[in-house]
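Trainee: Just so you know, the sequence shown maps onto residues 1 to 149 in the UniProt record's numbering. Virtual Cβ for every residue (Gly too), placed ideally from N, Cα, C. Mind looking over this structure? Questions follow.
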Amino acid sequence: MTSRVNVQEIVRSNPLQVPEKFLVSRKEEDEPKSTADVFDLSSRIPIIDLSLLSRGHKEELNKLDQACKEWGFFQVVNHGVATEVLQGMKDATVKFFELPLEEKNKIRFPPGGIDGYSQIKVVPEGQAIDWSDGLVLNIYPANGRNLEF
Numbered sequence: 001m002t003s004r005v006n007v008q009e010i011v012r013s014n015p016l017q018v019p020e021k022f023l024v025s026r027k028e029e030d031e032p033k034s035t036a037d038v039f040d041l042s043s044r045i046p047i048i049d050l051s052l053l054s055r056g057h058k059e060e061l062n063k064l065d066q067a068c069k070e071w072g073f074f075q076v077v078n079h080g081v082a083t084e085v086l087q088g089m090k091d092a093t094v095k096f097f098e099l100p101l102e103e104k105n106k107i108r109f110p111p112g113g114i115d116g117y118s119q120i121k122v123v124p125e126g127q128a129i130d131w132s133d134g135l136v137l138n139i140y141p142a143n144g145r146n147l148e149f
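Now the structure itself:
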């Protein structure tokens, strides 16, 4: 059995309490010891230079390989996307998430689908859920696009 939720609506209904389904138990040894530890961790997130990677730079390819294996994500720089385009995407995203729930639900993930609005990760009952809502629109490869909304 799976569960889909809307984090924005949960926060609106009771902003002072996090429902149990979102709580993740952590081991004390996994917790940062100080704020300096948190900043140190964020400064170590791998940064991949796409301009070097696209030119076949071997060292950058190795950095990408390590980032994927050790972190599972990375920051991309020198990607060539104009600042105006990035700002336009941010602005459109903010506007979308400000819409009433009824409007956002018009493009809700269909059963078995991966495009649309909803909880990004649907998990089995009893497993902690990420504290986020998502909007997913796959554009590549072209045969994976769902432009119905």
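Of the residues Pro111, Asp133, Gly72, which one's Cα is nearest the Cα of Glu9?
Mentor: On the sequence shown, position 9 is the one that residue 9 refers to. Glu9 has its Cα closest to that of Asp133, out of Pro111, Asp133, Gly72.
Trainee: Can you find at least 3 beta carbon pairs, one from the region 76-86 and one from the region 108-118, that sit closer than 8 Å?
Mentor: Touching, no, given that fewer than three Cβ pairs across the two stretches are closer than 8 Å.
Trainee: Threshold first: 3 residues or longer. Then list the beta strand (DSSP E) segments lying entirely within the UniProt domain "Non-haem dioxygenase N-terminal" (45-141), N to C.
Mentor: List check, beta strand (DSSP E) in window: 47-49, 75-77, 116-118, 134-136.
Trainee: Would you check if there are 3 or more beta carbon pairs closer than 8 Å linking the region 68-81 to the region 97-106?
Mentor: No, because fewer than three Cβ pairs between the region 68-81 and the region 97-106 fall closer than 8 Å, the two stretches do not touch.
Trainee: Please determine, among Ala92, Leu52, Gly126, Asp115, the residue with the shortest C-alpha to C-alpha distance to Tyr140.
Mentor: One-based indexing of the sequence shown puts residue 140 at position 140. Residue Asp115 is the option with its Cα nearest to Tyr140.
Trainee: Could you pull the start and end residues of the alpha helix (DSSP H) that Glu9 belongs to?
Mentor: Here the question's residue 9 lines up with position 9 in the sequence shown. Here the alpha helix (DSSP H) through Glu9 covers 7-13.
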